[in-house]
Every structure is written in structure tokens, then in C-alpha cells.
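In our numbering, the protein residues as written are 646 to 889.
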């Protein structure tokens with residue numbers, strides 16, 4: 646079990662053993678009233694399907710990196726190795742019972758590399774301070790769409806394979822709507838991807854979806870469905886927000 650099971654707060658070692666506090670919650674659709682901490686996700690046409698909000702974890706760094714291709718480290722221009730993954734996020738807002746595209750929202754994603762390492766953090770196993778690989782944001786277009794080019798994530802002890810994401814409607818304003826969660830992958834697909842290099846270097850992963858405390862709190866509703874491309878995979882995730 647890792648510190649990512651805790652709400653965002655003081656920085657803990659990723660491998661520090663902690664007690665799971667049940668910090669993650671499910672954002673439910675209400676029939677009246679708009680709560681700034683409620684969100685629903687699903688198709689861009691009603692009815693929207695509820696999905697869970699999940700913990701940010703300790704490794705979010707607000708780098709303000711406006712870029713679509715997050716594979717490179719701007720500090721040195723190096724491209725992270727791994728199976729390419731083209732990720733599209735479609736963001737909508739629930740209004741009068743209908744999901745309408747939400748333009749102008751900032752969508753951040755961040756995740757570990759093929760070796761299980763995050764950028765710009767300190768950990769007992771590594772220090773990547775100053776590096777910014779596999780982090781970035783895009784602003785939704787009139788269709789509510791953002792696109793990222795990244796790599797299929799690796800793994801590290803205590804967590805299943807995942808991608809963090811955060812949506813903010815006005816990130817530079819003191820009062821703004823924010824929704825944070827995580828995206829997951831089918832175990833069988835991950836097994837296939839991780840047989841290739843550089844993933845195979847780390848050996849078989851120790852935590853699968855159903856063994857992950859965070860995944861078990863709604864992760865089945867946050868699964869991506871990647872489809873093969875010429876050199877990797879592409880996936881689309883749709884999410885609708887309800888807020889005042």
C-alpha cells in the first residue's frame with residue numbers, strides 16, 4: 646500500500662507504509678442544485694454516467710507546461726522511451742439535463758515513466774528534481790477536446806498502472822472548479838505492453854487492478870479502452886462536469 650492512498654497533503658515517500666483512510670469519494674449527480682465538488686462523466690449526450698473523483702497523490706507539480714506532447718524533458722530535450730499512447734479527453738458540462746462541450750478548461754495529466762519514475766520529485770529511490778518529463782496541460786477547444794501524446798505508463802510497488810488527471814475551469818483564479826481523478830488500463834493489455842522494453846527491465850508488476858486500494862474505489866469506471874495504432878495505442882475518455 647502506498648501514500649497515494651492518502652489525500653494530498655504532506656509529501657510522503659511513495660513506498661512508505663500508511664493506513665488507508667478512505668479519502669477518495671464518488672461524485673454523484675443530484676437532481677437539483679449545483680455543487681462545485683460534483684462531477685459526472687460518460688458520453689457527451691445525456692444521461693451522463695457518474696464516475697468517482699480520486700486522490701491527487703503527492704506527485705502533482707503545477708509546472709504550467711502548455712504542451713500536447715509530454716514525452717520530452719524540456720530541460721534536456723530527451724524523449725522518454727515507451728509504447729506511444731495518444732490520449733484524447735473530451736470535457737463537457739451538464740446544463741439543463743444535457744451535456745454540452747466545455748471549452749476553455751485546463752486539463753493536466755501526469756504519470757510515471759516506463760521504469761516507474763515521476764519527474765521533478767524526490768523519492769528514496771530517485772531524485773528527478775528539475776526534470777519535467779511526462780507532465781503537461783492542454784486547454785479544451787470549442788468541442789471540449791484536448792489531445793496528448795505520451796507513453797504507456799510503467800509501474801511501481803503498491804500501485805496498478807495509472808495516469809493522473811486534473812481539470813480546472815479557471816486555474817489562475819482563486820475560486821475555480823477543480824476535479825481530480827485517475828485513469829486505468831485493462832490488466833491483460835498492460836501485461837502485453839510490459840513484455841516489451843524498456844518495461845520488461847523492471848520485471849513482473851506486483852500490483853494489479855483489483856489489488857490496488859484506489860482502483861477498487863471506482864477504478865472500473867475510469868478504465869481506458871485503447872485501440873492499436875501503427876506504433877502504439879490511442880484512447881479517448883469523456884467526462885462531464887456539474888458545478889455552479
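From the three backbone atoms N, C-alpha and C, an ideal C-beta is built for every residue, glycine too.
Secondary structure of residue i, DSSP reduced to three states
i           : result
residue 704 : coil
residue 866 : helix
residue 851 : coil
residue 690 : The pLDDT assigned to residue 690 is 44, lower than 50, so where the model puts this residue is not dependable, and the model offers no usable value.
residue 845 : helix
residue 856 : helix
residue 684 : Residue placement at residue 684 is poorly supported in this model, since its pLDDT is 47, which falls under 50; the coordinates still yield a value, given next. Three-state DSSP puts residue 684 in a strand.
residue 804 : strand
Assigned exposure category for residue i - 16 Cβ within 10 Å defines buried
i           : result
residue 715 : buried
residue 751 : buried
residue 754 : buried
residue 875 : exposed
residue 859 : buried
residue 786 : exposed
residue 745 : exposed
residue 723 : exposed
Cross-strand partners of residue i (DSSP beta bridge)
i           : result
residue 755 : 780, 809
residue 793 : 732
residue 768 : 771
residue 827 : 809
Segment limits, beta strand (DSSP E) that includes residue i
i           : result
residue 835 : Note, residue 835: premise wrong, no beta strand (DSSP E); alpha helix (DSSP H) at 832 to 838.
residue 729 : 729 to 740
residue 879 : 878 to 887
residue 745 : 743 to 746
Proximity test, residue i beta-carbon vs the ligand GTP heavy atom, cut-off 8 angstroms
i           : result
residue 748 : In the structure shown, the ligand GTP is absent, as is every other ligand, since no ligand is present at all.
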